Amino acid sequence: MAPNVCSVNPFYNFDFWANQTAPNEPEIVELTVFMPNGILLLLKIPKTATLAEVKEDLWEEAERKPLFGHLKDKSLYVLGMVTKYSSDEMHDETKRICDIQPYFCMFRVTSKQVAVNNKLNKNINCLIGKSLNDYKIINNPEVNDFRYKMNLLADEISTKRHKMTLAEKLAYQYPLRLATTTELPENVKIRLRNDHFVLVAKFHNDETSSFTFNVPYYITPAKMLDMILTKKALTMNAKGDRAADYILKVCGQDEYLYGEHPLVQFLYIQDTLSRVGVPTLVIKPLANVEIFEDSIYQSTKDIMRSSKNQSVCTLRKKGRQVLSWELDFPFQCHIQIIRDLNIADDNRYNEIGVQVGLFHGGKSLCEPQRTTEKTLTSQRTINWDEDLTFNINVLNLPRMTRLCFVVYEVVKNAKYSGTKTRRLKDTNKDIHINPLCWANTTVFDFKNQLKTGTITLYTWTYMETQDAQSEDLLHPLGTVEQNPRTGECASLTVSFHNYNVENTATIIYPNEETVLTHAEENRKTKDLSRSSEQDPRNVRDILAPFMHNDRLNEIHENDRDAIWAKRKQILDEEPDGLPCLLHCIEWKNRDEVAEVTSLLKQWPKVSIERALELLDYAYADQAVRRYAVDCLQIIKDEELLLYLLQLVQAIKHESYLYCDLVEFLLKRALHNQRIGHFLFWHLRSEIPFPSVQIRFGLILEAYLTGSQEHIAALLKQAECLDKLKQCSDQVKKGGKERGRVLLQEFLQQTHNMEAITDVICPLNPSFRCKRVKTEKCKVMDSKMRPLWFVYENADMHGEDIYIIFKNGDDLRQDMFTLQMLRIMDRVWKSSGYDFRMIPYSCISMDRRQGMIEVVLNAETIANIQKERGMFSATSPFKKGSLLTWLKEHNQTDEQLQKAIQEFTLSCAGYCVATYVLGVADRHSDNIMVKKTGQLFHIDFGHILGHFKEKFGFRRERVPFVLTHDFVYVINKGQTNNKKSADEFRNFQELCETAFIILRRHGCLILSLFSMMISTGLPELSSEKDLNYLRETLVLDLTEDEARQHFKSKFSEALENSWKTSLNWASHNFSKNNKQ
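Take the sequence shown: its position 551, counting from 1, is numbered 551 in full-length UniProt numbering, and each next residue is one higher.
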């Protein structure tokens, strides 16, 4: 208990504030500080230090003392100045202690008295799925630091939002969906007639009135409103309406068109015209637009804004800092003990060891080290107490170095060891090892300090799927987070050396200024070239084989040296060669690291595609990732949404909670509610996974704190999701017929209907679902019994909204594949080709739960073949069934020709896309055709060539699906030689063109897949999973060679189409899929 400081003997008159130092030395005072965790600290500090600097030094000192875990972030505390008669809280932290002169140099640290907003916290907890209090008691300074910084950011943006004008609020809540370029795409140009297009205008709350206009493509929303209201005044005798009181809205959606942009630049207009549709707009009074009001929650000022979380470098601190670049000692760590290791009883007496490696960006910095192998004790512990020394000095450790551990068992008879067995590489004996568990940690902490002392790592089990293809035991791409389920996993205790540095000193990685100074000095005194021989080739010739190639391919040592030697020329002449240069750096050489840090300061901005490439797992360096994020600052909102899934997954490869990428995504989400919507669900869907619970939960907390206006809509969606899961669980208890009855019973209960009524559609926040049309809802027949829901559109002019809810299937891979199809579609359209793709919406919302958009007026190939082929196992061989079905739904010759064109284009697009992506398990039930002719694929459970096998044989033996009935439609039913038909020749040329266009963007495709490695998708867990993409894109070949390669695959698919038909016949025979 702290003593009563006011009872000190008043006759003790020593003057603490008199100058006791030499004239040229800084005036130092020793403070006595009573901490809230019961510790008393003595702190020497300059008299001129501010209270903010005192507090920061206190936390630095407290971190070295017992009970530090009981302290929260320093922003939640206030310094109390002890005076002669009381203790006063000092909230102005800019004051200097020499001006305050506390009594006897004493301070007391107390918790701030803040108003806790229980309603806000409760709602945020509900949306995250985890209590915020869990983060506050983690006793992790990095968590506290992240929350502090992100709360400051969120509060700054939300405060500005409350001062917005109406127009600014519209832009936040209903952001414009604009094309990324002002240039009209070809598929839109051809729909214009004399630079005009037809548009229909309807009126809010008026079902009968509508006008049709033929308008120039460059007309703006304001002029369009004037035109509509003028016509309304003339034809309906409705005068007095002012255009300023109205706004244009997309029919059926909460999407608005405003501003000075030409109508044709809005994506809704472009998409509708490209489908040969007629854009329909609704005139809505501005007063009826739902605009957010200021936060309904009371202000939560639990963050101290009078001071920033700055890094203060007092004289006292400088005296106890040692740069890691000054330590010319081999890196060491000490393996102490493992506890609670679970191992099968049969293997109880196997010997167990630990292997440890140092990695940077997935690449090993030196040879890994191993402990001796020992037997597990009866208490499930092993005490090694061994030092491991690595062949790399501390001064050469990069800032983002990871220390990776794996605990393994030695199995002397591989026959009994299982599929995870690895053979020891450095022994001639027949000894194999099984990995048991693993853990990763950073060598430097989030404050740039080299870790010292003892830490305990809570391990992860070694997943079979993660390591089936890996020859290495260590898992450097795995998370650096510790397993939060501490009671269920083994714990490994390790300690770090201090390299003869005094205990009171801190070893830190040099700051950027020091690194840049080092680089400048090196240029004056050192030649950083690795070879004395000058390469005579110019920069472009050296980079040519790698510029449009997969950067992960091995670059010959001579080329690596040449690229490094010509780094300045690459900067000046070929800046897009930056990824290639970074791949050639020796990250275990501090001189080269300093040089590249300096170069990045001068490097011009690269394209968005190149910037995305720099955010995958291979580029761990903080300066590189910061540069990449800086290049992304110019990205348009719609383009950011296109890549948002990858950018969220890329967060998993970050070494620390706070990073430039997280701040960038939060800022964009807090300025655009549509981005915020998808960021929320991408993060929220992965909260059940322990490896990202803390990281993603904290980001969600920051977003929701800064976007409190969004909470109500998200709560309603979360409530709807919960009810749909309950409904699905109930329906699964019954059989096929009973399930339909159970569904209707569930929907008839009032409290259930209320929960799923009037909700923003998670698939697309522009759609507002008013009420469920129970009579149209049904239970689907597939294994997990998905639910087919039909909603009435909140817009009386809008069509019904159809949604499939899935419970039990992991939709993350489907969502990713569909996103890649969307990106391919955009790449093709930017090159002037519209392949009529249908990358329908799909969103994962929780573990094995999510929603899928229904594509209406479509049927599976299986059902078409069965109906038109008079249902038999041989129906897939009857080539006329598909064309007959199209004729039934397109009865005029003009309609049929258009449907065949739609089929031809979409078939070409999906042939190429599924070939490049290696989409497997293709059968007649997951390929569909719309009545308008568009073909599209569904269900993407297997990609990257993970083809299904049966009895040891691959069921699919063709590069892509091109059956004889597809060819029959493409040839318009002609019976002459299919290869010589003009239509088929045109189709083949379309396929070749589509492939070549994608190949030109091969680096982007590979980068987007690389960003997803080791993020949880079972078929994308290691670098080896990218090999399929390398094989299909053949980036090593010239464009002509690649075209010939694709032609051979095309011929193979055509010649073996009978195998696909046979596979489909077997599928049809075994299952009647008609729903």
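Glycine included, C-beta positions come from ideal geometry on N, C-alpha and C. Given the structure is predicted, the values throughout are model-derived calculations rather than measurements.
Compute the beta-carbon to beta-carbon distance between Asp254 and Tyr174, rounded to the nearest angstrom, for a pair I have assumed lies under 8 Å.
Numbered from its first residue, the sequence shown carries residue 254 at position 254. Numbered from its first residue, the sequence shown carries residue 174 at position 174. Correct: roughly 6 Å between the Cβ atoms.
Kindly indicate which three-state DSSP category Gly362 falls into: helix, strand or coil?
As a first step, residue 362 must be located in the sequence shown, where it is residue number 362. Coil at Gly362, not helix or strand.
Quick check: His475 and Cys404, are their CB atoms within less than 8 Å of each other?
The residue labelled residue 475 in the question sits at position 475 within the sequence shown. The residue labelled residue 404 in the question sits at position 404 within the sequence shown. Their beta carbons are under 8 Å apart, which means His475 touches Cys404 by this criterion.
From the DSSP output, which residues share a beta bridge with Glu89?
To locate residue 89, count along the sequence shown from 1; it is residue 89. Gly80.
On the CB-based measure, 16 or more other CB atoms within 10 Å of its CB, does Thr119 come out buried or exposed?
By 1-based counting over the sequence shown, the position of residue 119 is 119. It is Lys, not Thr, that sits at residue 119 in the sequence shown. That one is exposed.
Since Ile508 contacts Ser782 with CB under 8 Å, what's their CB separation in whole angstroms?
The residue labelled residue 508 in the question sits at position 508 within the sequence shown. The residue labelled residue 782 in the question sits at position 782 within the sequence shown. That belief does not hold up - the Cβ atoms of Ile508 and Ser782 are roughly 57 Å apart, past 8 Å.
Quick test of your reading: Lys770 and Glu792, contact by CB under 8 Å. State the CB separation rounded to the nearest angstrom.
Locating residue 770 in the sequence shown gives position 770, where the first residue counts as 1. Locating residue 792 in the sequence shown gives position 792, where the first residue counts as 1. Going by Cβ atoms, the distance from Lys770 to Glu792 rounds to 5 Å, so yes, they are a contact pair.
Whole beta strand (DSSP E) runs in the segment 320-398 with 3 or more residues, listed along the chain?
321-323, 330-339, 351-360 and 382-393
Could you spell out the range, first to last residue, of the alpha helix (DSSP H) harbouring Ser274?
The count along the sequence shown starts at 1 and reaches residue 274 at position 274. First-last of the alpha helix (DSSP H) with Ser274: Leu267 to Ser274.
Counting along the chain, where does the beta strand (DSSP E) carrying Tyr802 start and finish?
On the sequence shown, residue 802 is found 802 positions in, with the first residue counted as 1. First-last of the beta strand (DSSP E) with Tyr802: Ile801 to Asn807.
Beta-bridge pairing of Phe496 - partner residues as DSSP gives them:
Here residue 496 corresponds to residue number 496 of the sequence shown, with the count starting at 1. Phe496 pairs with Cys333 and Gly453.
Helix, strand or coil for His946? Go by DSSP, reduced to three states.
For the purposes of this step, residue 946 is taken as the residue at position 946 of the sequence shown. The answer is coil: DSSP assigns His946 none of H, G, I, E or B.
So, helix, strand or coil for Gly850, using DSSP?
Taking the first residue of the sequence shown as 1, we reach residue 850 at position 850. Gly850: strand per DSSP, three-state reduction.
Identify every residue that forms a DSSP beta bridge with Leu42.
Walking along the sequence shown from the start, residue 42 turns up at place 42. Leu42 is bridged to Thr32.
Which listed residue (His937, Tyr802, Gln819 and Tyr840) has its alpha carbon closest to that of residue 1101
What is shown of the chain runs 1 to 1075, which leaves residue 1101 out entirely.
So what's Arg96 in DSSP terms, helix, strand or just coil?
By 1-based counting over the sequence shown, the position of residue 96 is 96. Here Arg96 sits in strand by DSSP.
Integer Cβ distance of Gln693 from Pro484, believed to fall under 8 Å:
Along the sequence shown, one-based indexing puts residue 693 at 693. Along the sequence shown, one-based indexing puts residue 484 at 484. Right, the Cβ-Cβ distance comes to about 6 Å (below 8 Å), so this counts as a contact.
Identify, in the order they occur along the chain, each residue of the same chain with its Cβ nearer than 6 Å to the Cβ of Asp195, setting aside the five sequence neighbours on each side.
Counting from 1 along the sequence shown, the entry for residue 195 is found at position 195. So the qualifying residues of the chain are Pro216 and Tyr217.
Look at the alpha carbon of Arg540 and the alpha carbon of Arg567, and state the distance between them as a whole number of angstroms.
The residue given as residue 540 occupies position 540 in the sequence shown. The residue given as residue 567 occupies position 567 in the sequence shown. Between Arg540 and Arg567, the C-alpha separation is close to 12 Å.
Endpoints, the alpha helix (DSSP H) within which Pro579 is located
If you number the sequence shown from 1, residue 579 lands on position 579. Here the alpha helix (DSSP H) through Pro579 covers Leu578 to His583.
Reduced DSSP secondary structure (H/G/I, E/B, other) of Asn538:
On the sequence shown, position 538 is the one that residue 538 refers to. The answer is coil: DSSP assigns Asn538 none of H, G, I, E or B.
Same chain, Cβ closer than 6 Å to Phe203, neighbours up to 5 away in sequence not counted
To locate residue 203, count along the sequence shown from 1; it is residue 203. Closer than 6 Å at Cβ, skipping near neighbours: Ser209 and Ile283.
Looking only at its own chain, which residues have a Cβ that is under 6 Å from the Cβ of residue 1076, when we skip the five neighbours before and after it?
Residue coverage of the chain in this structure runs from 1 to 1075, which leaves residue 1076 outside it and unanswerable.
Specify the secondary structure class of Asn863 as computed by DSSP and reduced to three states.
Within the sequence shown, the letter at position 863 stands for residue 863. Helix at Asn863.
Which whole-angstrom value describes the C-beta separation of Ser655 and Val480, a residue pair presumed to lie in contact below a C-beta threshold of 8 Å?
The count along the sequence shown starts at 1 and reaches residue 655 at position 655. The count along the sequence shown starts at 1 and reaches residue 480 at position 480. Yes, they are in contact, since the Cβ atoms of Ser655 and Val480 sit about 6 Å apart, within 8 Å.
Do you know whose CA, among Val200, His70, Gly252 and Pro66, lies nearest Met796's CA?
Translated into positions along the sequence shown, residue 796 becomes position 796. Checking every option, the nearest Cα to that of Met796 belongs to Gly252.
I think Gly918 touches Phe835, with their Cβ atoms under 8 Å apart; what is that distance to the nearest whole Å?
Translated into positions along the sequence shown, residue 918 becomes position 918. Translated into positions along the sequence shown, residue 835 becomes position 835. Incorrect: roughly 19 Å between the Cβ atoms, too far for contact.
Counting Cβ pairs closer than 8 Å, one from the segment 757-767 and one from the segment 843-858, do we hit at least three?
yes
Where DSSP assigns a beta bridge to Tyr408, which residues make up the other side?
For the purposes of this step, residue 408 is taken as the residue at position 408 of the sequence shown. Answer is Gly353 and Pro435, bridged to Tyr408.
Of the listed residues Glu663, Ser607 and Leu640, nearest to Arg626 (C-alpha basis)
Within the sequence shown, numbered from 1, the residue matching residue 626 stands at position 626. Closest option to Arg626, Cα to Cα, is Glu663.
Quick check on Asn448: does DSSP put it in helix, strand or coil?
The residue you call residue 448 lines up with position 448 of the sequence shown. Of the three classes helix, strand and coil, the one that applies to Asn448 here is coil, per DSSP.
Spatial neighbours of Gly478 in its chain, beta-carbon cut-off 6 Å, leaving aside the 5 residues before and after:
The sequence position of residue 478 within the sequence shown is 478, counting from 1. The answer, listed in chain order, is Asn440.
For Ile190, is the classification buried or exposed, using 16 other Cβ atoms within 10 angstroms of its Cβ as the cut-off for buried?
Working through the sequence shown from its first residue, we reach residue 190 at position 190. Ile190 is exposed by the Cβ-count criterion.
Using the rule of at least 16 other Cβ atoms within 10 Å of the residue's Cβ for burial, across every protein chain shown, is Val629 buried or exposed?
If you number the sequence shown from 1, residue 629 lands on position 629. The residue is buried, with at least 16 neighbouring Cβ atoms inside 10 Å.
What residue range is occupied by the uninterrupted beta strand (DSSP E) comprising Thr280?
Here residue 280 refers to the residue found at position 280 when the sequence shown is read from its first residue. It spans Thr280 to Pro285 - the beta strand (DSSP E) in which Thr280 sits, taken as one unbroken run.
Work out the CA separation of Arg985 and Gly973 for me, nearest whole Å.
Taking the first residue of the sequence shown as 1, we reach residue 973 at position 973. Taking the first residue of the sequence shown as 1, we reach residue 985 at position 985. Each residue's Cα considered, the two are about 15 Å apart.
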